[in-house]
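Residue numbers (our numbering): 326 to 760. Cβ atoms here follow ideal geometry from the backbone N, Cα and C, with glycine treated the same way. Treat the numbers as computed from the prediction; the structure is a model and nothing was measured. Below is one structure, written out as structure tokens, with a few remarks after it.
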Ligand SMILES: Nc1nc2c(c(=O)[nH]1)N[C@H]1C(S)=C(S)[C@@H](COP(=O)(O)O)O[C@H]1N2
Ligand SMILES: [Mo]
């Protein structure tokens, strides 16, 4: 299929390629430059080529906008096992979940977002999979998944995972990277063993400050000496009771795209700390400096900056806990509501904290109503909330949600801009109509 052709020409995914270089993409895919020709996007040879690739005619081809990539090409196969996710990039695979598909209290495997930095490893079988724990430990260990299950207490916990870049799409000026909107987050029941138990058995030496995580995925360039991502956390975070080495998700095996057969889950910190396809945990006496730990990756300025302002490299600091946030999963934005009372519901979470309250507004923030808020299933799980709301008359409404956490910190209305577009925790707004 077209997106598997000549990778040297196409270093990025299909959508990114069309975005960044529409003329070259049109030429490569459809044999002509159609981008500048807005109204007659596809004619003649280009249309015939696309029709041949789809195996059928495209009756409404005149309505297809410039730079348009038929979803039939881009989504073919790459999101196997996923349902309804929005593909943001196909190389590496990145896909988010529309908020209304995150409505369940626990996110099912087929609705859990995917954030890859490299190429999924070919062998993801649990047979023969080995995890090495080494570096500054008394007893370096190599453990099979059976060893993990037999030597340590197996626990199941509901844990929230959110990408540090979730919400990046709403930064202005825009930040480069995957344009996540709301759905690079999920909360699943993860089964595994505590990282703390494994590290204790290995014997953490005095002077350890940081973990370093390595996975089996490979670099996009194909260069075997490069790693797509290798991050770590402070030893204090690593020793928390809800940081798990995971081999099960929602009662079944981990999906391949979510790191099968073994991954870390580090709730409350950027998703990037939760190494997938986990092969090695290395304890270090310095802050880890692996791929995407240094420079401006997963870092924010240590002082307030104006939108668009240049920030000196040394002023960036590593993101640790994720901020307070909430999501409205019902109603879906754009819904025409037939009945007036509507159950507004969703989830709220705050890294290393709990949620104290969630408030809802239907009048652009003039007044607020407290939602009914559940306790977390365990520490590290998002909290479900709901509120029956009556929209007083026909017309357009925005429903806003604002969570406040255990340190009395609330979500802001507007985004605190940062150069890489991390940590957007502004209030979720959903637009609906009452007929
Ligand atoms: N080995 C490996 N682990 C990884 C990544 C990756 O690209 N490779 N991406 C990280 C990032 S940035 C995030 S947000 C989470 C996403 O987890 P998910 O794909 O299961 O949703 O995995 C993290 N672990
Ligand atoms: Mo991420």
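Residue i: which of the options sits nearest, CA to CA?
i, options, result
"residue 600", "443, 408, 663", "443"
"residue 438", "455, 427, 420", "420"
"residue 752", "699, 738, 519, 496", "738"
"residue 557", "544, 595, 375, 633", "595"
"residue 613", "466, 454, 460", "460"
"residue 586", "634, 473, 692, 482", "473"
"residue 810", "564, 492, 544", "This structure leaves residue 810 out entirely; the chain is present only between 326 and 760."
"residue 501", "452, 760, 490", "490"
"residue 571", "602, 666, 504", "602"
"residue 514", "590, 652, 685, 423", "590"
"residue 688", "656, 723, 413, 670", "723"
"residue 576", "709, 433, 609", "433"
"residue 495", "488, 507, 485, 695", "507"
"residue 543", "533, 621, 488, 445", "445"
"residue 636", "647, 469, 620, 645", "620"
"residue 757", "430, 660, 703", "660"
"residue 618", "559, 682, 451", "559"
"residue 650", "551, 736, 693", "736"
"residue 545", "655, 441, 592", "441"
"residue 663", "760, 562, 705, 696", "760"
"residue 293", "540, 414, 406", "Nothing can be reported for residue 293, as the shown portion of the chain is limited to 326 through 760."
"residue 410", "422, 416, 403", "422"
"residue 696", "705, 597, 681, 702", "681"
"residue 511", "406, 667, 583", "583"
"residue 588", "469, 657, 426, 373", "469"
"residue 633", "706, 498, 402, 522", "498"
"residue 478", "691, 518, 630, 425", "518"
Is there a C-beta anywhere in chain D that falls below 9 angstroms from the one on residue i?
i, result
"residue 534", "Within the model displayed, chain D is absent; a lone protein chain is all it includes."
Considering residue i, what are the terminal residues of the alpha helix (DSSP H) in which it resides?
i, result
"residue 566", "Where residue 566 is concerned, there is no enclosing alpha helix (DSSP H), given that its DSSP letter is neither H nor E."
"residue 471", "470-476"
Between which two residues does the beta strand (DSSP E) harbouring residue i extend?
i, result
"residue 684", "680-686"
"residue 657", "Neither: residue 657 is in no beta strand (DSSP E) and is coded neither H nor E."
"residue 480", "479-487"
"residue 388", "Careful: residue 388 lies outside any beta strand (DSSP E) and carries neither H nor E."
"residue 722", "720-730"
"residue 711", "708-715"
"residue 668", "666-674"
"residue 753", "753-759"
"residue 611", "From DSSP, residue 611 is part of no beta strand (DSSP E); its letter is neither H nor E."
"residue 805", "Shown here, the chain extends from 326 to 760; a query on residue 805 therefore has no answer."
With DSSP collapsed to three states, give me the class of residue i.
i, result
"residue 647", "coil"
"residue 603", "strand"
"residue 695", "strand"
"residue 616", "coil"
"residue 495", "helix"
"residue 379", "helix"
"residue 597", "helix"
"residue 663", "coil"
"residue 637", "coil"
"residue 513", "strand"
"residue 743", "coil"
"residue 333", "For residue 333, the predicted structure reports a pLDDT of 34, less than 50, and the residue's modelled location is therefore unreliable. A value from the coordinates is still provided. Note: residue 333 maps to coil in three-state DSSP."
Any 3 or more C-beta pairs closer than 8 angstroms across the region 627-647 and the region 738-748: A contact exists between the region 627-647 and the region 738-748.
Runs of alpha helix (DSSP H) lying entirely within the region 517-591, each at least 4 residues, in chain order: For the alpha helix (DSSP H) assignment, the uninterrupted runs of no fewer than 4 residues enclosed by the region 517-591 are, from N- to C-terminal side, 520-527, 560-563.
Any alpha helix (DSSP H) of 4 or more consecutive residues that is wholly inside the region 398-438: The region 398-438 contains no complete alpha helix (DSSP H) run of 4 or more residues.
Segments of 3+ residues assigned as beta strand (DSSP E) that fall wholly inside the region 441-472: Within the region 441-472, the complete beta strand (DSSP E) segments of 3 residues or longer fall at 455-460, 466-469, listed in chain order.
Neighbouring residues (CB closer than 6 angstroms to any heavy atom of ligand 3): Within the structure as shown, ligand 3 is missing, the only ligands being ligand 1 and ligand 2.
Three-pair Cβ contact test at 8 angstroms for the region 674-682 versus the region 613-632: Counting C-beta pairs with one atom in each stretch, the region 674-682 and the region 613-632 have fewer than three that are closer than 8 angstroms, which means they do not touch.
Any 3 or more C-beta pairs closer than 8 angstroms across the region 681-696 and the region 462-478: Too few Cβ pairs lie closer than 8 angstroms, so no.
At least 3 beta-carbon pairs within less than 8 angstroms: the region 711-719 vs the region 729-737: The region 729-737 and the region 711-719 do not touch, with fewer than three beta-carbon pairs separated by less than 8 angstroms.
Cβ pair count under 8 angstroms reaching 3, the region 532-540 against the region 604-620: Cβ pair count under 8 angstroms is three or more, so yes.
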